[in-house]
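**Q** Mind looking over this structure? Questions follow.
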Ligand SMILES: Nc1ncnc2c1ncn2[C@@H]1O[C@H](COP(=O)(O)OP(=O)(O)OP(=O)(O)O)[C@@H](O)[C@H]1O
Ligand SMILES: [Mg+2]
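Numbering (the UniProt record's numbering), first residue to last: 1 to 296.
Right, dumping it as structure tokens:
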């Protein structure tokens, strides 16, 4: 079965139920832009401490692979305990920005991620000191802040105060900040010149009809345990998936998974144009219309 990779060629012999289970579980697919960004993160991790550390702002549409990428980096640099000294090192810490620009909530998110005890009654300054002290102790090099666009849920001044706090924290600790969010995050950070020049944007663009997209489809085909080849890179099939998905990897993945499950149910064992039209998948652009239809 040359359309499948080695591991999937084994899975394809399993029961329908087992195969569907595999399809619905998650598997990372590498692509050029993601690998480039991961490589940049690796450089940031070994960047020597200087008074003005470089930072990254990862920007992409919703459902286009930001959190997955950040988690991949985080997983590659998990906390370690040195057996001789029992010293805990947490090189990379992942947190989400709180749902509004509230520094107390932010410090609490960090303390939670560190599994550190804290008192919710503690004053903000005390929580800040606790965060700084622990991050120094565990030698954190990179703080990842996902969903940074949440700061836009506050007024201009609150946003500024929150961003100043991040700047202050980064200076205090001389760590790298990797912030991630949708495009609005870029404009929020760009309103502060000092911050804008500290954050290098890294962009995961929407998918378009090019070689990289076709490679992505081939990779999906290789990991979907179907017995017959689908030839997803054929122009009409590739175009159909792209236009249904609106160009995000999350929707591309959803469409292909739905179609693959159907291909098992109906014994076709491959994804074709006809099946793509019948998966019950509603494109993001049509979801509003669907709700409106339900409300009439
Ligand atoms: N490299 C990848 N390989 C396979 N699937 C992927 C990959 N990246 C993303 N996906 C799929 O896309 C979905 C959305 O990815 P992710 O949650 O990272 O998006 P996001 O950009 O963080 O979205 P949001 O802004 O809404 O948080 C994932 O659940 C996964 O199914
Ligand atoms: Mg996300």
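Glycine is no exception: its CB is placed at the ideal position from the N, C-alpha and C atoms.
Are there 16 or more other CB atoms within 10 angstroms of the CB of residue 99, so buried, or fewer, so exposed?
**A** exposed
**Q** Can the beta-carbon of residue 41 be found closer than 8 Å to that of residue 178?
**A** yes
**Q** Going by other Cβ atoms of all chains shown within 10 Å of its Cβ, with 16 needed for buried, is residue 263 buried or exposed?
**A** buried
**Q** May I ask you to check if the CB of residue 206 is nearer than 7 Å to at least one heavy atom of ligand 2?
**A** Every heavy atom of ligand 2 is 7 Å or more from the Cβ of residue 206, so no.
**Q** If contacts are defined as beta-carbon pairs under 8 Å, then residue 29 and residue 219 qualify, I think. What distance do you get, rounded to the angstrom?
**A** 5 Å
**Q** In its own chain, which residues sit with a C-beta less than 7 Å from the C-beta of residue 196, not counting the 5 before and 5 after it?
**A** Hits under 7 Å: 189, 190.
**Q** What do you reckon, are the CB atoms on residue 145 and residue 95 nearer than 8 Å?
**A** yes
**Q** Do you know offhand how far residue 334's Cα is from residue 58's?
**A** The shown model of the chain, from 1 to 296, leaves out residue 334, and the question about it has no answer.
**Q** Give me the pocket residues for ligand 2, defined as CB within less than 7 Å of any heavy atom, sorted by chain position.
**A** 66, 67, 146, 147
**Q** Going by beta carbon distance, what residues of the same chain come within less than 6 Å of residue 64, once the five residues before and after it are set aside?
**A** Counting only Cβ-Cβ distances below 6 Å, and skipping sequence neighbours, we find 204, 248, 249.
**Q** Which runs of the beta strand (DSSP E) spanning at least 3 residues fall entirely within the region 136-213, listed in chain order?
**A** 142-146, 176-181, 199-203
**Q** Using DSSP with H/G/I as helix, E/B as strand and the rest coil, what is residue 128?
**A** helix
**Q** Taking 7 Å as the cut-off, is the CB of residue 249 close to at least one heavy atom of ligand 1?
**A** yes
**Q** Compare the Cα-Cα distances from residue 273 to each of 257, 266, 234, 282 and report the closest residue.
**A** 234
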